[in-house]
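Structure, as structure tokens:
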Amino acid sequence: MDRISVEQILGDSIVWDNHACMPLRPEDDHFLPQLERYYKAGFDVVCLNIGFDPVGWQNTFPMVSLFRRWIGLNSDKYLQVNSVSEIRLAKKTGRLAICFDIEGGSALNGDINLVQLYYDLGVRWMLMAYNKNNILAGGCQDEDTGLTEFGRQVIDEMNRIGMVVCCSHTGYRSAMDIMEHSQKPVIFSHSNAAAVWSHPRNIGDDLIRVCAETGGVIGINGLGPFLGNNDISTENFIRHADHIVQLVGPDHVGIALDYVFDQEELADFIDQNPDVFPPEEGYSTGLKMVPPEQLIDIMRGLRKLGYSDSDLRLIAGENHMRLAKTVWKEN
Ligand SMILES: [Zn+2]
């Protein structure tokens, strides 16, 4: 009997990209209609970044306000989702579900009360430190001094209210501290396997195993320097996914392309912050990234490797969905 097509599998599963980057300049809202590319490529859910440590905490509120208003004005195509049932509603009504994430706890400005506020605004995961140390934890491109007391309090608060704790961009020691401290599953929202390509942003097998033990998910990142050699081929992308599956099984791998819509803005960030994006680590203005339209090819490639239909569904988004069911609060 013929197997059902990859398109059919994607059509009847929840397909989820856990990290995409719109411009973080409120005046660049003309990029927002490009979110339609995700929907056309077969995605049901996309998690949009609203800030990261280097841009400063004051910027996150204008960004999330802009995104929320724009989604509201375009509610025929998009739905800002707060719960698993709203994700199902978005799919049922033919709309792209959007939630938010924050890359780095500096967005709290040292105030634990903001965790709940961000959650209420739709932020569903936050990572602790973005490449450099901050008041919560150590970064992966810094002298990591571990999770701080404030970092512990923030994790307790995230666990309490339903925000997923993420260790991408965080240093090794802090990541281990975070996974030990959290009472809920922890993710590496967008991190690749260091065993496939050595890079400070990629994670070793021990971190992958501990993440899986928490019940977490590792999202495969589509940026060339992390995939290796700036090679964004489907083959190279799958190498990272397959390494993690061989190590901990298909229940712990997802997709988080990290696609940046405004590549000029990315080039500016890279140029202006060489300590956060050191050129010797492959950060350059010629950085390539896997576009959302490559999803179908990635799924076909996994199938060719012998992955079952159920494995494809897990990786395409059902693993992220499980996390949401486990950690988010159903409102
Ligand atoms: Zn990132």
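When we follow my numbering, the leftmost residue of the sequence shown carries the number 59, and every step to the right adds one. Backbone N, C-alpha and C fix where the C-beta goes; we use that ideal spot for every residue, glycine too.
Proximity test, residue i beta-carbon vs ligand 1 heavy atom, cut-off 7 Å
i	result
glutamate 323	no
aspartate 164	A small correction: the amino acid at residue 164 is serine; aspartate does not occupy that position in the sequence shown. Because no heavy atom of ligand 1 lies under 7 Å away, the Cβ of serine 164 does not count as near it: no.
glutamate 161	yes
histidine 248	yes
histidine 88	no
serine 226	yes
aspartate 75	no
aspartate 316	yes
Cβ pair residue i, residue j closer than 8 Å
i	j	result
valine 345	proline 283	For the record, residue 345 in the displayed sequence is leucine; it is not valine. Going by C-beta atoms, leucine 345 is nearer than 8 Å to proline 283.
leucine 179	valine 122	yes
aspartate 75	leucine 315	yes
methionine 221	tryptophan 183	yes
valine 104	isoleucine 67	no
alanine 299	valine 311	yes
lysine 190	valine 334	yes
serine 249	isoleucine 261	yes
isoleucine 145	tyrosine 136	no
leucine 372	proline 308	yes
valine 64	arginine 358	yes
glycine 340	histidine 257	yes
leucine 205	histidine 227	no
cysteine 198	arginine 127	no
glycine 168	isoleucine 193	yes
Presumed contact (8 Å Cβ cut-off) between residue i and residue j, rounded CB distance
i	j	result
valine 306	alanine 251	About 11 Å separates the two Cβ atoms, so there is no contact after all.
leucine 185	glycine 162	6 Å
lysine 387	valine 142	Between valine 142 and lysine 387 the Cβ distance is about 10 Å, and since that is not below 8 Å, they are no contact.
CA nearest to the CA of residue i, picked from the options
i	options	result
leucine 154	Gly100, Ala195, Leu124	Gly100
leucine 124	Pro308, Pro91, Asp87	Asp87
valine 254	Pro243, Ile266, Leu381	Ile266
glutamate 215	Val173, Pro84, Ser164	Val173
CB contact below 8 Å: residue i versus chain B
i	result
lysine 135	Annotation note: the requested chain B is absent from the structure, which comprises a single protein chain.
Stretch-stretch touch, CB-based, cutoff 8 Å, three pairs: the region 369-381 with the region 265-277 = yes
Should the region 105-125 be regarded as contacting the region 77-87, the criterion being three or more beta carbon pairs within less than 8 Å?
-> yes
Taking three-plus beta-carbon pairs below 8 Å as touching, is the region 350-360 in contact with the region 117-136?
-> no
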